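> Letter 222 of the sequence shown, counting from 1, is numbered 222 in UniProt numbering, and no numbers are missing.
Beta carbons are placed, not taken as given, at the ideal position from N, Cα and C, and that holds for glycine.
Bear in mind that the values here come from a model prediction, so they are computed numbers and not experimental data.
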Amino acid sequence: MVSVSLPWLVVHWVPGGCIALVISLVLGFVMIPSFLSAATSDPGIIPRSDEHAEEIKSDPSRIRERTLLINGKPYRNRYCETCRIWRPPRASHCSTCNNCVERFDHHCPYLGNCVGRRNYRAFYAFVFSAALQTLLAILVCVAFLVVRTQRFAEAGDDSSDSPFLRTLRSWQTPIVFILAGYCFLAFLFTGTLSAFHVYLMSINSTTAEKVKKTFKELANPFPERGWRSMRILLLSKKPRSKLKKGYEGPPTDFDMTSVIIE
């Protein structure tokens, strides 16, 4: 798009081509930093304990699961043998990274990182801006074909070929079609993923919870829904990394509202 259709539109379609260029640059300035942030930042890794919890050490045969009462609703809480901690609510152990992650959503192979409590906003900003960028690329390819055809029609020469046929015979057109097809497939992926995460945010759930059907038998104890849930996830202050010096270990802020009722 950048090397073929968009430069041509900037020159031959004013101001439409210039507007498309500005939008593309803005989306790029959002997409690239958010990708780097999501890929390189701590997703919410919970530090491991040097020893097993006291109740596990005193009774090794103890069941590694207990029930918490959160906002008046039961929630199943599991013990992580690898990290030697009771996982905070919504945390899960990533088999790829081998860490427990707060509000674990999924491990993203494209980022090479988990998506969790601390980098979910950057992840969604990347996916959403990528969806808009691919959609813009498709529209630019269509605009190129339309404007190019109009220019041939306005030229009014003696060629027996129709303006659209002459557009199809332009050397840029095969490249534009390939780009449009590629961007269409990319938009199907990023657009669907963006819509899916809007749905997850609206019901205050994660990909992991949806796949595991965490709240099928037990009700979701986290009350935020709709815009309030989205606002908390996307606009609230980024929590401090627990890997930094000064963190004293569990319990986390989630545990403060929980009551053990095992």
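Work out the CA separation of residue 59 and residue 85 for me, nearest whole Å.
15 angstroms
> Spell out the partners DSSP gives residue 86 in its beta bridges.
79
> Kindly confirm or deny that the segment 123-140 and the segment 184-201 touch, where touching means at least three C-beta pairs closer than 8 angstroms.
yes
> Output the distance between the C-alpha atoms of residue 150 and residue 163, rounded to the nearest integer angstrom.
7 angstroms
> Pick from 194, 234, 43 and 20: whose alpha carbon is nearest that of residue 104?
43
> For residue 18, I'd like the list of residues in its chain whose CB is within less than 8 angstroms of its CB, leaving aside the five on either flank, ordered along the chain.
10
> Run through DSSP, which three-state label would residue 253 get?
For residue 253, the pLDDT reaches just 49, beneath the cut-off of 50, and the residue's location in the model is therefore unreliable, leaving the point undetermined.
> Can you tell me whether DSSP reads residue 12 as helix, strand or coil?
Of the three classes helix, strand and coil, the one that applies to residue 12 here is helix, per DSSP.
> Give the single residue among 116, 22, 5 and 57 whose Cα lies nearest to the Cα of residue 241.
Ranking 116, 22, 5 and 57 by Cα distance to residue 241 puts 116 first.
> In or out: residue 180 buried (at least 16 other Cβ within 10 Å) or exposed?
Under this definition residue 180 is a buried residue.
> Do residue 38 and residue 99 have their C-beta atoms closer together than 7 angstroms?
no
> Considering residue 197, what are the terminal residues of the alpha helix (DSSP H) in which it resides?
172-202
> To the nearest angstrom, how far is the alpha carbon of residue 53 from that of residue 205?
28 angstroms
> Taking the CB atoms as reference points, tell me whether residue 34 and residue 126 lie closer together than 7 angstroms.
Cβ distance < 7 angstroms, so residue 34 and residue 126 count as in contact.
> Unbroken alpha helix (DSSP H) runs of length 4 or more, entirely within the segment 215-250: which are they?
Listed in chain order, they are 226-235.
> Got a sec, what are the start and stop residues for the alpha helix (DSSP H) residue 58 sits in?
54-58
> When the Cα of residue 198 is compared with those of 230, 144 and 208, which residue comes out closest?
Measuring from the Cα of residue 198, the nearest candidate turns out to be 230.
> Does the segment 164-176 come close enough to the segment 140-147 to have 3 or more Cβ pairs within less than 8 angstroms?
yes
> Under 6 angstroms from any heavy atom of the ligand SAH, does the C-beta of residue 96 make it?
Although the ligand SAH was asked about, the structure shown includes no ligands whatsoever.
> How would you label residue 71, buried or exposed, when you count the other beta carbons within 10 angstroms and need 16 or more for buried?
exposed
> From 81, 48, 108 and 50, pick the residue whose C-alpha is nearest to that of residue 63; which is it?
81
> Could you tell me if residue 61 is buried or exposed, where buried requires 16 or more neighbouring beta carbons within 10 angstroms of its beta carbon?
exposed
> Determine the DSSP secondary structure at residue 34, reduced to helix, strand or coil.
helix
> Quick check on the burial criterion: 16 or more other C-beta atoms within 10 angstroms. Buried or exposed for residue 22?
The C-beta of residue 22 has fewer than 16 other C-beta atoms within 10 Å across all chains shown, which makes the residue exposed.
> Return helix, strand or coil for residue 129, following the three-state DSSP convention.
helix
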